[in-house]
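2 protein chains.
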Amino acid sequence: MEEVATRMAKTAYHHGDLRAQLIAAVRELVETHGPDGFSIAEASRRAGVSSAAPYKHFKDKPEILRAVVLDAMERLRQNMEEGAAQYPRGSLEAVSAVGLAYIEFAVSEPGLFRLVFGLSGANDDATEFLEKGKRCFGVVVGATAAYLDRPADSDDVQELAYILWSFVHGHSFLTIDQKRKNLSPRPDDWSYLMSVGKGILGERPEGAEELD
Amino acid sequence: MEEVATRMAKTAYHHGDLRAQLIAAVRELVETHGPDGFSIAEASRRAGVSSAAPYKHFKDKPEILRAVVLDAMERLRQNMEEGAAQYPRGSLEAVSAVGLAYIEFAVSEPGLFRLVFGLSGANDDATEFLEKGKRCFGVVVGATAAYLDRPADSDDVQELAYILWSFVHGHSFLTIDQKRKNLSPRPDDWSYLMSVGKGILGERPEGAEELD
DNA sequence: GTTGATAAGTAAGTGTCGCTAACATATGTA
DNA sequence: TACATATGTTAGCGACACTTACTTATCAAC
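These protein sequences, in sequence, are chains A and B.
If you're matching positions, the first sequence starts at 1 in this note's numbering and goes up one per residue.
If you're matching positions, the second sequence starts at 1 in this note's numbering and goes up one per residue.
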């Protein structure tokens, strides 16, 4: 990561920062034309360079996608952490806020969201993805552990956090797939998360104090 | 649907049944080379026809994918119904069996599974997808309603069925993304489904009888 | 049966894309 | 200033999506 940053700062020779601009262009194309509806050629055009220039920064097309996805996962994690930070540590609201950030990411960038979960399986060196994914999951685990006042690495916390994540992940996907339309009137996402969260995690243990 | 079937039976002029063979070839390619790792050219080669032949059966590449996805959704629904039918109607096992069929579909055909949920959003005439999706959801609703001994169109049944679906959907995705690895020892899918199902739906109401 | 409409295939061509090779130029450093 | 390297270009290859024009098989009507 540090290497990349250093390199990016250094390599603003000719163009400015082609690498970052390409990632941005691809992100936009993925969002507007679907996960596989982008081309290196089009991204190059938008960045104002020849169609061969990207290959000085990326080995091939999958590697660009990989960079875009890793970037997206990083932003997703940040969003979740910022969401949790808005509420007292250990509160149910903090848990819900993590889920809400997840859902909002999916809704605001459905193309990228789909890409993240459409790509990570099909890739060979999935270690990077798994690493980032684990850190994302860690946010959920952290909020869950604080709420339950239990160690984060305990089995029950991991289990419950996973259930929460599954639910939120599924809900996010079904929402952007519009499979949720015309089913029935439902509470908005926030109260939804709060009630399901409480249902899955149970009441907060008594001795626990909310730390701000 | 009937039109297509008639047409397919009628149009076995030269080749046999190119349309079905193309769908099968694409399905295989999607599974082995990823959702976007297939080409009409390759599918044509496998079917032993020229690369222009498919265009007598499908308008363009997305339409082939659409057919493949609709076919997959149909099979998914069948699997779920068959799963539920193995247990007494109204039992928690029947509910879990629907979920298990869903998970098993995702695990056994991850490429297709990803395609189904990667495509349905990006498509223009999503009505067909929504229709099929609704029928799939109907299976979950049916099992849930029977378990709770409540009408299927009631709000609470729809709500709880949706929560169940979200959870199973999320779990399926995270499973094939291998994001579940090395988290903690966990029960297998079946007992997992049973415990989560009971947690979400609660105990079965007393008056309800299991009908076989 | 012959005929004619049509369904189902082929061959060839166009434009785009992914990617490579060979070459040109800007940059930081010795 | 000279050199290594990073970053860009043009040109070109092979593959692919899709079209057009042409061929051939099938069925229905006479």
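A virtual CB, placed ideally from N, CA and C, is assigned to each residue, including glycine.
No experiment lies behind these values; they were computed from the predicted model shown.
Report task. Could you say which of Leu70/A, Gly83/A and Gly111/A lies nearest to Glu36/A if we only look at CA atoms? Result -> Per the sequence shown, the amino acid found at residue 36/A is Asp instead of Glu. Looking at the Cα atoms, Gly111/A is the closest of the given residues.
Query raised in the report: With distances taken from CA atoms, which of Thr144/A, Asp149/A and His57/A is nearest Gly207/A?
Result: Asp149/A
Requested in this report: Could you confirm whether any beta carbon from chain A is found closer than 7 angstroms to the beta carbon of Gly170/B?
Outcome: yes
Query raised in the report: Shorter than 7 angstroms from the beta carbon of Ala5/B to some beta carbon of chain A?
Result: The predicted position of Ala5/B is uncertain, since its pLDDT is 36 and thus under 50; a value taken from the coordinates is nonetheless stated next. Judged by the 7 angstroms Cβ criterion, Ala5/B is not in contact with chain A.
Report task. May I ask you to report which of helix, strand or coil DSSP gives Arg135/B? Result -> helix
Query raised in the report: Taking 7 angstroms as the CB-CB cut-off, is Asp188/A touching chain B?
Result: no
Query raised in the report: How would you call Gly199/B, buried or exposed, if buried means at least 16 neighbouring beta carbons within 10 angstroms?
Result: exposed
Requested in this report: State yes or no: is the C-beta of Pro62/B nearer than 6 angstroms to some heavy atom of the ligand ADP?
Outcome: The ligand ADP is absent from the structure shown, which contains no ligands of any kind.
Requested in this report: Please determine, among Glu203/A, Ala94/A and Leu201/A, the residue with the shortest C-alpha to C-alpha distance to Lys139/A.
Outcome: Strictly speaking, residue 139/A in this sequence is Val, with Lys absent from that position. Closest by alpha carbon: Ala94/A.
Report task. Report the three-state DSSP secondary structure of Arg89/A (helix, strand or coil). Result -> strand
Query - the stretch 86-102 of chain A contacting the stretch 61-69 of chain A, beta-carbon criterion three pairs below 8 angstroms - result: no
Query - The alpha helix (DSSP H) enclosing Glu31/A, as first and last residue numbers - result: Leu18 to His33
Query raised in the report: Does the Cβ-Cβ distance between Ala106/A and Gly83/A come in under 7 angstroms?
Result: no
Query raised in the report: Under 8 angstroms Cβ-Cβ, which residues of chain B neighbour Phe167/A?
Result: Ile163, Ser166, Phe167 and Gly170
Query raised in the report: Listed from N- to C-terminal order along the chain, which residues in the stretch 23-57 of chain A have their beta-carbon within a distance smaller than 8 angstroms of any beta-carbon of chain B?
Result: Gly34, Pro35, Asp36 and Gly37
Query - Cβ-based neighbour list, Gln78/A, same chain, cut-off 6 angstroms, excluding 5 preceding and 5 following - result: none
Query raised in the report: Near Phe58/A, what residues of its chain come up, given a Cβ to Cβ distance below 6 angstroms and the 5 sequence neighbours on each side ignored?
Result: Ile64
Query raised in the report: Taking the C-alpha atoms as reference points, what is the distance between Asp156/B and Gly202/B?
Result: 12 angstroms
Report task. Check the Cβ of Ile64/B against every Cβ in chain A and list those closer than 8 angstroms, keeping chain order. Result -> Those do not exist, as Ile64/B stays about 14 angstroms from chain A at its closest Cβ, beyond 8 angstroms.
Query raised in the report: Quick one: is Phe113/B near chain A, going by C-beta distance under 7 angstroms?
Result: no
Query - Proximity test, Cβ basis, 7 angstroms: Phe117/A and chain B - result: yes
Requested in this report: Measure from the C-beta of Phe173/A to each C-beta in chain B and report whether the shortest distance is under 7 angstroms.
Outcome: yes
Query raised in the report: With a Cβ-Cβ cutoff of 7 angstroms, do Ser96/A and Leu29/A count as a contact?
Result: no
Report task. Determine the extent of the alpha helix (DSSP H) in which His169/A is found, giving its start and end residues. Result -> Asp155 to Ile176
Query raised in the report: By Cβ distance, which residues of its chain are closer than 7 angstroms to Trp190/B, with the 5 residues on each side in sequence left out?
Result: Ser96 and Leu100
Query - N- and C-terminal bounds of the alpha helix (DSSP H) containing Arg114/A - result: Pro110 to Leu119
Requested in this report: Return helix, strand or coil for Gly199/B, following the three-state DSSP convention.
Outcome: helix
**Report entry** Local Cβ density within 10 Å of Asp177/A, reported as buried at 16 or more and exposed below that
**Finding:** buried
Query - Inter-residue Cα distance where the pair is Gly16/A and Ala41/B - result: 40 angstroms
**Report entry** Listed by chain order, chain B residues near Val196/A by CB distance under 8 angstroms
**Finding:** Ile163
Query raised in the report: What residues from chain A crowd round Gly199/B, counting only those whose CB sits closer than 9 angstroms?
Result: Ile163, Gly199 and Ile200
Query raised in the report: Does the Cβ-Cβ distance between Ala25/A and Ala52/A come in under 7 angstroms?
Result: no
Report task. Whole angstroms is fine: what's the gap from Glu228/A's alpha carbon to Asp60/A's? Result -> This structure leaves residue 228/A out entirely; chain A is present only between 1 and 212.
Requested in this report: Return the residue from the list Leu119/A, Pro54/A and Ser91/A that minimises the CA-CA distance to Phe173/B.
Outcome: Leu119/A
Query - Opening and closing residue of the alpha helix (DSSP H) in which Ser39/B lies - result: Run containing Ser39/B: none; DSSP gives neither H nor E here.
Requested in this report: Assign Ser166/A to one of two classes, buried (16 or more other C-beta atoms within 10 Å of its C-beta) or exposed (fewer than that).
Outcome: buried
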